[in-house]
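Let me begin by presenting the structure, written as structure tokens, before commenting on it.
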Amino acid sequence: MSTENRKPGKGIWLAPVLLALPILAAMAFVAIRFGPLIVKLINAAVKATVVV
Amino acid sequence: MKRVLCWLLAFFLAGALALFVVSFACARAVDPGLKEGGTPVSDSVRSTEMNLIRNRIEELAPIYGFSAETAMKVVTDEKIAEMNRQAALWWNSVLVNGEAGEVPAFNADELAGALTADFVAAGAGDEEAELLAADAANAVGESVLRIVLPLRLPIVGRGLTEASARVDLGNIIRFLTGIRWAALAMCVLLAGLIALLESRDLRMSLRYIGSAMGAAVLVIAACLVLYARSGIEPLIAEASPSLSAQYGALMNSAAVPLFLFTALLLAGCIVCLIFCRRPHEAKAD
Numbered sequence: 001m002s003t004e005n006r007k008p009g010k011g012i013w014l015a016p017v018l019l020a021l022p023i024l025a026a027m028a029f030v031a032i033r034f035g036p037l038i039v040k041l042i043n044a045a046v047k048a049t050v051v052v
Numbered sequence: 053m054k055r056v057l058c059w060l061l062a063f064f065l066a067g068a069l070a071l072f073v074v075s076f077a078c079a080r081a082v083d084p085g086l087k088e089g090g091t092p093v094s095d096s097v098r099s100t101e102m103n104l105i106r107n108r109i110e111e112l113a114p115i116y117g118f119s120a121e122t123a124m125k126v127v128t129d130e131k132i133a134e135m136n137r138q139a140a141l142w143w144n145s146v147l148v149n150g151e152a153g154e155v156p157a158f159n160a161d162e163l164a165g166a167l168t169a170d171f172v173a174a175g176a177g178d179e180e181a182e183l184l185a186a187d188a189a190n191a192v193g194e195s196v197l198r199i200v201l202p203l204r205l206p207i208v209g210r211g212l213t214e215a216s217a218r219v220d221l222g223n224i225i226r227f228l229t230g231i232r233w234a235a236l237a238m239c240v241l242l243a244g245l246i247a248l249l250e251s252r253d254l255r256m257s258l259r260y261i262g263s264a265m266g267a268a269v270l271v272i273a274a275c276l277v278l279y280a281r282s283g284i285e286p287l288i289a290e291a292s293p294s295l296s297a298q299y300g301a302l303m304n305s306a307a308v309p310l311f312l313f314t315a316l317l318l319a320g321c322i323v324c325l326i327f328c329r330r331p332h333e334a335k336a337d
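Same order as they appear, the protein sequences are chains Y and P.
Residues in the first sequence are numbered consecutively from 1, following this note's numbering.
Residues in the second sequence are numbered consecutively from 53, following this note's numbering.
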């Protein structure tokens, strides 16, 4: 079957999910590994710069 | 081999599209601050500031023994707007030239004069009234400054000036706000390459481009979820209600292009993926 005659089935809607999966996985890794540290840094920055 | 290359290009296209949308939204929030005059403060932010000032003055009035009404006649909406304008100019000067100018201040003399008359009317001697009024005016002035300028501008200014002595801060900020156009150019290039590789079949190229658009929407949605889960906004609201209002206005200006482009990408994804299926369904009939 040539590329031109290949019929994209319902699975075509899965393509965006599969394409985004590596980026989402990387984002999840960064969020889990460094998320708390980033939030702590932002917290410290806010506390240091806001007039109490 | 061609398919693998196309999927790889689609993957990079998804990343470039997400980067374009996010950087465009961020640049929209920063851009007004780089223009002459700085970021104008919206009416809603000023109204929030006025409410906070009114509440604070009503709290201070019984403590220092002055009339809140008299103080509110001096601390007018125009004065707060002027302070906001000065603060916007201060940020503009730091961001564009890397030079922190004079930090805006609240002139308490006029307020002290108005309050002195109040204290005299209440039966205090002239000197005592002046001292009491100066004390109260200072307290009100500090509170007004804290509400209108919630950040420690001298410290922030010192840090940014030190940084700009070592690196060209203005250029870096201009570079960061220009990333969106680089990302857009990358999107056009990648989509063009996909179309070129699949030049014999429009449907297939639409399939890759549509999938990349859908993937970009998912990435942007994940970014929004992560931002919402990070709890930055409650953190700022807890630190300072007025800073929260100013930050909210900044985020609102970024939210409009973010949601607009995300909706466009979603629509593009749906149209492309439906279109790339249609001819086959016609053939099946």
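Virtual Cβ for every residue (Gly too), placed ideally from N, Cα, C.
Reference residue i; option with closest CA among the options
| i | options | result |
| --- | --- | --- |
| Ala185 (chain P) | P:Tyr116, P:Asn223, P:Lys125 | P:Tyr116 |
| Leu86 (chain P) | P:Glu180, P:Ile207, P:Leu141 | P:Leu141 |
| Gly266 (chain P) | P:Leu57, P:Phe64, P:Val56 | P:Phe64 |
| Gly67 (chain P) | P:Cys275, P:Val192, P:Gly90 | P:Cys275 |
| Ile12 (chain Y) | P:Met256, P:Gly90, P:Ala139 | P:Met256 |
| Cys239 (chain P) | P:Glu214, P:Ala268, P:Val97, P:Ile224 | P:Ala268 |
Residue i classed as buried or exposed, judged by whether at least 16 other C-beta atoms fall within 10 angstroms
| i | result |
| --- | --- |
| Arg232 (chain P) | buried |
| Leu163 (chain P) | buried |
| Asn304 (chain P) | exposed |
| Met135 (chain P) | buried |
| Ile38 (chain Y) | exposed |
| Leu228 (chain P) | exposed |
| Phe76 (chain P) | buried |
| Thr128 (chain P) | exposed |
| Leu317 (chain P) | buried |
| Glu4 (chain Y) | Low confidence applies to Glu4 (chain Y): its pLDDT is 47, below 50, so where it sits in the model is not reliable enough to give any reading. |
| Phe313 (chain P) | buried |
| Ala15 (chain Y) | buried |
| Tyr2 (chain P) | The requested residue 2 (chain P) does not occur in the structure, where chain P is confined to residues 53 to 337. |
| Arg252 (chain P) | exposed |
Straight-line Cα distance separating residue j from residue i
| i | j | result |
| --- | --- | --- |
| Lys40 (chain Y) | Leu212 (chain P) | 21 Å |
| Ala20 (chain Y) | Lys125 (chain P) | 57 Å |
| Glu179 (chain P) | Leu167 (chain P) | 13 Å |
| Phe111 (chain P) | Ile105 (chain P) | Correcting the residue identity first, residue 111 (chain P) is Glu in this sequence and not Phe. Rounded to the nearest angstrom, the two C-alpha atoms are 10 Å apart. |
| Leu249 (chain P) | Lys54 (chain P) | 7 Å |
| Ala25 (chain Y) | Phe34 (chain Y) | 14 Å |
| Thr49 (chain Y) | Leu60 (chain P) | 44 Å |
| Ile246 (chain P) | Leu147 (chain P) | 39 Å |
| Phe311 (chain P) | Pro206 (chain P) | 36 Å |
| Phe327 (chain P) | Ala79 (chain P) | 33 Å |
| Arg281 (chain P) | Gly262 (chain P) | 29 Å |
N-terminal and C-terminal residue of the alpha helix (DSSP H) that residue i is part of
| i | result |
| --- | --- |
| Pro22 (chain Y) | 15–49 |
| Arg210 (chain P) | 205–218 |
| Ser251 (chain P) | Taken as a continuous stretch (DSSP letters only), Ser251 (chain P) belongs to no alpha helix (DSSP H), as it is neither H nor E. |
| Met135 (chain P) | 129–149 |
| Ala152 (chain P) | Where Ala152 (chain P) is concerned, there is no enclosing alpha helix (DSSP H), given that its DSSP letter is neither H nor E. |
| Phe171 (chain P) | 161–173 |
| Met124 (chain P) | 120–126 |
| Phe63 (chain P) | 54–86 |
| Ala181 (chain P) | 178–200 |
| Thr100 (chain P) | 95–116 |
| Ala291 (chain P) | 284–291 |
Check: residue i C-beta below 7 Å from any heavy atom of the ligand NAD
| i | result |
| --- | --- |
| Val308 (chain P) | Inclusion of the ligand NAD in the displayed structure is not the case, the ligand content being empty and no account of it being possible. |
Listed by chain order, chain C residues near residue i by CB distance under 7 Å
| i | result |
| --- | --- |
| Ala291 (chain P) | Included in the structure are the protein chains Y and P, with no chain C among them. |
Could you please tell me which residues of the stretch 60–75 of chain P, in chain order, have their CB closer than 8 Å to any CB of chain Y?
-> Ala62, Phe63, Ala66, Gly67, Ala70
Taking a cut of 9 Å between CB atoms, which residues from the stretch 277–288 of chain P lie near chain Y?
-> Leu278, Arg281, Ser282, Gly283, Ile284, Leu287, Ile288
Using a beta-carbon distance cut-off of less than 7 Å, what residues from the stretch 192–224 of chain P approach chain Y?
-> Arg198, Pro202, Leu203, Arg204, Ile207, Val208
Contacting positions in the stretch 293–320 of chain P - beta carbon closer than 7 Å to chain Y = Per Cβ criterion, the list reads Leu295.
Which of the residues in the stretch 258–274 of chain P, read from start to end, lie with their CB under 7 Å from any CB of chain Y?
-> The stretch 258–274 of chain P vs chain Y, Cβ under 7 Å: Arg259, Ser263, Ala264, Gly266, Ala267, Leu270, Val271, Ala274.
Interfacial residues, the stretch 106–121 of chain P to chain Y, with Cβ spacing under 8 Å | none
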